[in-house]
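**Student:** Just so you know, we're using the working numbering here: the sequence shown kicks off at 17 and counts up by one. Positions of the beta carbon are idealized from the N, C-alpha and C atoms, including for glycine.
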Amino acid sequence: MDVLVTGGTGRLGRRVAELLEARGDRVRRMSRRGAGPGGVRGDLTGDRDLPQALAGAEVVVHAASDPRDAWQADVAGTRRLLQAADRERLRHLVYVSIVGVDRVPYGYYRAKFATEQVLLASGLPVTLLRITQFHDFVDQLLETARRGPVLPVPMGWRAQPVDVGEAAAHTAEVAAAGPAGDVVEYAGPEVLTAAEMARAWAAAREPGVHVVATPVPGRLSTAFRDGGALPTGGARGRRTYAEHLAG
Numbered sequence: 017m018d019v020l021v022t023g024g025t026g027r028l029g030r031r032v033a034e035l036l037e038a039r040g041d042r043v044r045r046m047s048r049r050g051a052g053p054g055g056v057r058g059d060l061t062g063d064r065d066l067p068q069a070l071a072g073a074e075v076v077v078h079a080a081s082d083p084r085d086a087w088q089a090d091v092a093g094t095r096r097l098l099q100a101a102d103r104e105r106l107r108h109l110v111y112v113s114i115v116g117v118d119r120v121p122y123g124y125y126r127a128k129f130a131t132e133q134v135l136l137a138s139g140l141p142v143t144l145l146r147i148t149q150f151h152d153f154v155d156q157l158l159e160t161a162r163r164g165p166v167l168p169v170p171m172g173w174r175a176q177p178v179d180v181g182e183a184a185a186h187t188a189e190v191a192a193a194g195p196a197g198d199v200v201e202y203a204g205p206e207v208l209t210a211a212e213m214a215r216a217w218a219a220a221r222e223p224g225v226h227v228v229a230t231p232v233p234g235r236l237s238t239a240f241r242d243g244g245a246l247p248t249g250g251a252r253g254r255r256t257y258a259e260h261l262a263g
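1) Compute the Euclidean distance between the alpha carbons of A38 and S113, then round it to the nearest angstrom.
2) Suppose the cutoff is 8 Å on Cβ atoms and the five residues either side in sequence are ignored; what does the same chain contact list for G54 look like?
3) Measure the alpha-carbon distance for D85 versus R95 and round it to whole angstroms.
4) Threshold first: 3 residues or longer. Then list the beta strand (DSSP E) segments lying entirely within the stretch 106-149, N to C.
5) Considering only C-alpha positions, which residue in the set E182, R163, T22 and G93 is nearest to V110?
6) Three or more beta-carbon pairs under 8 Å between the stretch 207-218 and the stretch 95-107, yes or no?
7) On the three-state DSSP scale, how would you describe S81?
8) Can you have a look at T131 and say buried or exposed, based on whether 16 or more other CB atoms are within 10 angstroms of its CB?
9) Below 8 Å on the Cβ atoms is my guess for A89 versus L135; work out the distance and round it to an integer in Å.
10) Among residues of its own chain, excluding the 5 on either side of V154, which ones have a beta-carbon nearer than 8 Å to its beta-carbon?
11) Look at E201 and R146 and say whether their C-beta atoms are less than 8 Å apart.
12) Given a cut-off of 8 Å, decide if A245 and M171 are closer than it, judged by their beta-carbon atoms.
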């Protein structure tokens with residue numbers, strides 16, 4: 017099949033493209049610069065090059081996103097993507113979203129949820145694939161939060177992080193299957209608190225760093241404590257966060 021992967025040079029999109037190519041699909045990787053093998057140019061923040069990038073696509077894996085300007089890149093950008101799509105040829109559009117976008121009161125999540133609604137209203141054959149946080153993204157958050165020998169984390173926040181390679185394999189499987197027409201979820205194998213992840217990360221990467229779990233007020237914190245970022249169903253990966261750190 018002819019597949020277009022938006023965000024095709026990103027953390028997830030690159031791996032999805034490689035897996036689909038290994039299956040024998042013709043894959044194009046859309047990015048703003050269109051660099052690399054199979055690269056095509058396409059800018060979701062404007063109409064430039066989108067019709068050419070989408071020409072002939074039977075399946076679209078929409079993995080492009082910009083947390084810094086999500087209402088323009090994700091919401092408006094997806095509308096532009098839909099306008100450029102060949103509705104007669106397109107058989108399946110998989111949108112990569114995040115578990116909890118409908119429950120966690122965070123600006124980026126609200127934009128992702130709004131993008132989902134745009135897709136559901138489009139009349140196109142879609143699957144909204146919500147995935148939990150990647151292991152290496154958790155690493156980045158903890159590294160950023162560290163303050164010298166101290167690593168403060170929100171008390172009671174819970175997550176179910178997943179291996180990006182496993183998430184890519186599942187995304188490729190979803191793309192090859194028929195459209196669900198609704199939300200499907202994918203997550204890692206275990207629920208961990210922020211403190212548990214931080215202690216495991218510190219032991220593996222920054223021995224001597226002291227983890228401090230701190231109460232955080234507000235609706236956002238309540239949502240993470242109450243499981244707003246946890247899946248309610250769907251498939252699970254197998255690789256744990258501890259195995260990621262050991263690897």
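**Tutor:** From the atom records:
1) 24 Å
2) Within the same chain, Cβ atoms closer than 8 Å to the Cβ of G54 are found at G24, A33, E37, V43, R44 and R45, the five residues on either side in sequence being excluded.
3) 15 Å
4) 108-114 and 142-147
5) T22
6) Cβ pair count under 8 Å is below three, so no.
7) DSSP places S81 in the coil class of the three-state scheme, outside both helix and strand.
8) buried
9) Actually they are not in contact, since the Cβ atoms of A89 and L135 sit about 15 Å apart, beyond 8 Å.
10) A175, P177, M213, W217 and Y257
11) Yes, they are a contact pair.
12) no
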